[in-house]
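There are 2 protein chains.
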Amino acid sequence: MATSDVTVLGAWPSPYVNRVVMALKIKSVEYELVETNPHRKSELLLKSNPVHKKVPVLIHADKTICESLIIVQYIDDAWTNGPSILPSDPYDRAIARFWAAYIDEKLRDAKEDEAKTAILEKIYEGLLLLEEAFINCSKGKAFFGGDSVGYLDIALGCQVGWLKVTEILSGAKFLDETKIPCLVRWAERLYSDSCVKDVMLETHMLLEVFNKFQAMSTAASA
Amino acid sequence: MATSDVTVLGAWPSPYVNRVVMALKIKSVEYELVETNPHRKSELLLKSNPVHKKVPVLIHADKTICESLIIVQYIDDAWTNGPSILPSDPYDRAIARFWAAYIDEKLRDAKEDEAKTAILEKIYEGLLLLEEAFINCSKGKAFFGGDSVGYLDIALGCQVGWLKVTEILSGAKFLDETKIPCLVRWAERLYSDSCVKDVMLETHMLLEVFNKFQAMSTAASA
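So the sequences go chain by chain: A and B. Mapped onto the UniProt record's numbering, the consecutive letters of the first sequence carry residue numbers 1 to 222. Mapped onto the UniProt record's numbering, the consecutive letters of the second sequence carry residue numbers 1 to 222.
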């Protein structure tokens, strides 16, 4: 079921918007991305997500859904004809939800009020646990979701581009083959998977966005 | 499907443990509650939830699931014979997940590092939005979930007892019929619903627990 009554309010460099885009690609759902500046909130954004006032927002016909992981689950529930995004087994689903929530806790919430070294430490620690999670969830297959890209691949995959940017900016080495070999190879597979490779966030483009924002913020405070 | 191979690691006054207990009651699943002191973490707790080291933990045969809302969804997925906990419609499910996450953000995460007045303000604000959410979700029926107790009823219902305790301790009035009439009547219905009334957290018992902890903490610092 491909429809064109699907709109995503988002900004392409946002890892959370990227999750929604990946899920729509997997389900072959046509959509329109309405670029929405997260710093200058549009009327449509404020009306669509009055509680959090954040992207992404998915508008499907007359329905509005917010919060990236909730949107991804909605997409899986609403377009049942495409490949499944969440695992079908109740326990596997629970584990996927657990690690997805963990990713947001470690990689999103960490960024706001902590010292740089503490943040880097949290990311390292998180990736080591996620390496183990990958081994358990993938059961020897290519992705967290098995043979194809699933919920956890989306939840973590959207962060890979920004992790690489953080490596460049901080000098840290996150995607280290000696420490997390499975995750490093998993990330490479994501960037070459026919289903999502054209929506994976590219490091050089994110770096450009970052530099642009830095320049704007320097100019504003000058 | 009622089994006795279900164990909950928890402490009965915990609202998050209460969610799991409510969901098991709704599904008529027999379980054993292993009282687990959250301040003196048992070996079993550390082994079962090495990432967060927190209750509740659900152990179902050889499977271990953590995080209350994830456990409730697991219970709904694993025991399909009982009444549904999450709505069946994809959009209604998304909305239920959205507000459940909101409840945790407003009522749990608020408690950790903020001034008392800021916390009370957040709770007021949250309840006003949840009053609106109730009107939209219940569609004129008794519960968020419609005719019977569902996911959002569980997510918020577990907090009612502690809200009443906070009212007594702070002098604030949260469950105010002039401001949130639908939620006040909804809470009364929960406390008399045949399915969950015997597991709803009672104010006087929670107050006793609170006073005991206060006394212990005073003694420890004396």
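Beta carbons: idealized from backbone N, C-alpha and C, even for Gly. Since we're looking at a predicted model, the values are computed, not measured.
Grouping DSSP H, G and I as helix and E and B as strand, with all else coil, what is residue i?
i: residue 85 of chain A; result: coil
i: residue 158 of chain A; result: helix
i: residue 33 of chain A; result: strand
i: residue 231 of chain B; result: Since the first and last residues shown for chain B are 1 and 222, residue 231 of chain B lies out of range.
i: residue 209 of chain B; result: helix
i: residue 39 of chain B; result: coil
i: residue 173 of chain A; result: coil
i: residue 63 of chain A; result: strand
i: residue 9 of chain A; result: strand
i: residue 204 of chain A; result: helix
i: residue 2 of chain A; result: Residue placement at residue 2 of chain A cannot be trusted, given a pLDDT of 43 that sits under 50; the coordinates are not used to answer.
i: residue 219 of chain A; result: helix
i: residue 165 of chain A; result: helix
i: residue 54 of chain B; result: coil
i: residue 199 of chain B; result: helix
i: residue 148 of chain B; result: coil
i: residue 193 of chain A; result: coil
Buried or exposed: residue i, going by 16 or more other Cβ atoms within 10 Å of its Cβ?
i: residue 62 of chain A; result: exposed
i: residue 2 of chain B; result: With a pLDDT of only 44 at residue 2 of chain B, under the threshold of 50, the placement of this residue in the model should not be trusted, and no figure is reported.
i: residue 181 of chain B; result: exposed
i: residue 119 of chain B; result: buried
i: residue 202 of chain A; result: exposed
i: residue 37 of chain B; result: exposed
i: residue 169 of chain A; result: exposed
i: residue 53 of chain A; result: exposed
i: residue 218 of chain A; result: exposed
i: residue 19 of chain A; result: buried
i: residue 67 of chain A; result: buried
i: residue 166 of chain A; result: buried
i: residue 133 of chain B; result: buried
i: residue 48 of chain B; result: buried
i: residue 100 of chain B; result: buried
i: residue 213 of chain B; result: exposed
Grab the span of the alpha helix (DSSP H) containing residue i for me, first residue to last.
i: residue 75 of chain A; result: 68-78
i: residue 46 of chain B; result: 43-48
i: residue 180 of chain B; result: Premise fails: residue 180 of chain B is in no alpha helix (DSSP H) and is neither H nor E.
i: residue 117 of chain B; result: 116-138
i: residue 107 of chain B; result: Element bounds for residue 107 of chain B: n/a, residue is neither H nor E.
i: residue 20 of chain A; result: 15-26
Comparing alpha-carbon positions, which option in the options lies nearest residue i?
i: residue 147 of chain A; options: A:195, A:69, A:19; result: A:195
i: residue 85 of chain B; options: B:106, B:28, B:210, B:179; result: B:28
i: residue 129 of chain A; options: B:19, B:24, B:50; result: B:50
i: residue 65 of chain B; options: A:91, A:179, A:217, A:207; result: A:91
i: residue 174 of chain A; options: A:18, A:107, A:68; result: A:107
i: residue 155 of chain A; options: A:11, A:17, A:12; result: A:17
i: residue 164 of chain B; options: B:48, B:31, B:219, B:123; result: B:123
i: residue 22 of chain A; options: A:216, A:214, A:153; result: A:153
i: residue 15 of chain B; options: B:199, B:133, B:211, B:126; result: B:199
i: residue 39 of chain B; options: B:179, B:127, B:197, B:11; result: B:11
i: residue 183 of chain A; options: A:172, A:142, A:216, A:221; result: A:142
i: residue 26 of chain A; options: A:72, A:34, A:32, A:13; result: A:72
i: residue 89 of chain B; options: A:88, A:87, A:80, A:89; result: A:80
i: residue 116 of chain A; options: A:171, A:83, A:149, A:151; result: A:171
i: residue 126 of chain B; options: B:102, B:70, B:145, B:31; result: B:102
i: residue 151 of chain A; options: A:70, A:35, A:34, A:114; result: A:70
i: residue 186 of chain A; options: A:149, A:87, A:13; result: A:149
i: residue 179 of chain A; options: A:215, A:131, A:207, A:221; result: A:131
Return the first residue and the last residue of the beta strand (DSSP E) that residue i is part of.
i: residue 60 of chain A; result: 57-60
Below 8 Å, how does it come out for the segment 146-164 of chain B and the segment 184-197 of chain B: are there three or more Cβ pairs, yes or no? With the cut-off at 8 Å, the segment 146-164 of chain B and the segment 184-197 of chain B touch.
Evaluate the contact criterion for the segment 2-17 of chain A versus the segment 54-69 of chain A: three or more CB pairs, one atom per stretch, below 8 Å. In short, these stretches touch, since the Cβ pair count reaches three.
Please confirm if the segment 71-82 of chain A is in contact with the segment 36-48 of chain B, defined as three or more CB-CB distances below 8 Å between the two stretches. No: the two stretches stay apart, fewer than three of their Cβ pairs being nearer than 8 Å.
The segment 92-101 of chain A contacting the segment 132-146 of chain A, beta-carbon criterion three pairs below 8 Å: Here the segment 92-101 of chain A lies against the segment 132-146 of chain A, with 3 or more beta-carbon pairs under 8 Å apart.
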